[in-house]
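Numbering (this note's numbering), first residue to last: 802 to 998.
Have a look at the structure below before the remarks.
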Ligand code: HEM
């Protein structure tokens, strides 16, 4: 449906912060230029050996590295979950649940949620084998200024993630893979020794 320009501006004004938050770029859009380093080998990328993936071009040092990268993407949990659109939908729905959850929503009171959603999409995409490596804070640093953060809070976040994926009708086996990855960062998020139980 096309809106006249004036209605569009009025809608934006009415939406206020929500409109500003929606304008936050996704990780993929923010990285528009082609890579100069091969993502497989770390060697200089050859701009003639490229592959398009989710609307973006990636360059590789050799055709063999390109084949290897493509195979890794196609077998990744990220791809099997549905790639970028699935990650977007899941993280949006996840934070609706988190912000409505009285056990944990106080942690997000002063947080820029548009930025948080973008970072979470980027982090999870990378953790599930998506095309772009995570370059944000490590999980210990990211959660080091959250006084009182404990198991109960972590489990509440995990529960919200699981029910989000169930709501989205993701297959049980895939949900199990996601939850295993989420569980693997628990000690980091809670700033405990790596081998704490
Ligand atoms: C599977 C578990 C979790 C994952 C994968 C995760 C992931 C992340 C990521 C990617 C960031 C952004 C890091 C950056 O700025 O570069 C972040 C920040 C944050 N996380 Fe988590 N998180 C998890 C658990 C939790 C829990 C249990 C809480 C609290 C209930 C929490 C609260 C926060 C808050 C408040 C921030 C923003 C910190 C700030 O900007 O100062 N997270 N998290």
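Don't be surprised by glycine CBs; every beta carbon is placed ideally from N, CA and C.
Any non-hydrogen atom of ligand 1 within 7 Å of residue i CB
i, result
"residue 990", "yes"
"residue 970", "no"
"residue 929", "no"
"residue 983", "yes"
"residue 909", "yes"
"residue 895", "no"
"residue 938", "yes"
"residue 905", "yes"
Residue i, DSSP secondary structure in three states
i, result
"residue 932", "coil"
"residue 945", "coil"
"residue 984", "helix"
"residue 952", "helix"
"residue 910", "coil"
"residue 976", "helix"
"residue 968", "helix"
"residue 995", "coil"
"residue 939", "coil"
"residue 904", "coil"
Candidates the options: closest to residue i by CA position
i, options, result
"residue 897", "879, 937 and 917", "917"
"residue 992", "887, 946, 860 and 922", "946"
"residue 960", "984, 941 and 854", "984"
"residue 872", "942, 841 and 934", "841"
"residue 854", "941, 956, 922 and 874", "874"
"residue 942", "881, 988 and 901", "988"
"residue 982", "934, 924 and 949", "924"
"residue 967", "894, 904 and 910", "894"
"residue 948", "922, 909, 970 and 972", "909"
"residue 954", "929, 859 and 902", "902"
Buried or exposed (CB count within 10 angstroms, at least 16 for buried), residue i
i, result
"residue 965", "buried"
"residue 907", "exposed"
"residue 958", "buried"
"residue 997", "exposed"
"residue 931", "buried"
"residue 912", "exposed"
"residue 905", "buried"
"residue 922", "buried"
"residue 865", "exposed"
Let me know the beta strand (DSSP E) ranges lying completely inside the segment 824 to 899, each 3 residues or longer, listed in chain order. Listed in chain order, the beta strand (DSSP E) elements of length 3 or more contained wholly in the segment 824 to 899 are 847 to 854 and 857 to 861.
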